[in-house]
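Engineer: For the sequence shown, UniProt numbering assigns the number 1 to the initial residue and increments by one for each residue that follows.
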Amino acid sequence: MGAHEIRIRLGGVSRQRAYQITSRADFPKPLADLAQGKVWLADDVEAWMKVHRRDLDDSED
């Protein structure tokens, strides 16, 4: 899953917000850092979102 897919799964957040989220210490580490950008294992991202989605919603207020 690339950054664009993560942005979509997070409800269409901005590139800057996606960068903030993917840079968090508790966000899964990328599987690879390709020329086109970082990629994450979709299952890891989905699992992280299930645990942290409420925190993300609260921090956007």
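C-beta atoms are modelled at their ideal positions from N, C-alpha and C, and glycine is treated no differently.
1) Give the straight-line distance between the Cα atoms of arginine 9 and alanine 35, rounded to the nearest whole angstrom.
2) For alanine 35, which three-state DSSP category applies?
3) Below 8 Å on the Cβ atoms is my guess for residue 64 versus proline 28; work out the distance and round it to an integer in Å.
4) Would alanine 42 and methionine 1 qualify as a contact pair, given that the criterion is a beta-carbon distance under 8 Å?
Structural biologist: With the given structure in hand:
1) Position 9 of the sequence shown, counting from 1, holds the residue named residue 9. Position 35 of the sequence shown, counting from 1, holds the residue named residue 35. Going by the C-alpha atoms only, they are around 22 Å apart.
2) Numbered from its first residue, the sequence shown carries residue 35 at position 35. Here alanine 35 sits in coil by DSSP.
3) In the structure as shown, the chain begins at 1 and stops at 61. Residue 64 is therefore absent and cannot be evaluated.
4) As a position in the sequence shown, residue 42 is number 42, starting the count at 1. As a position in the sequence shown, residue 1 is number 1, starting the count at 1. Yes, Cβ-Cβ distance for alanine 42 and methionine 1 is below 8 Å.
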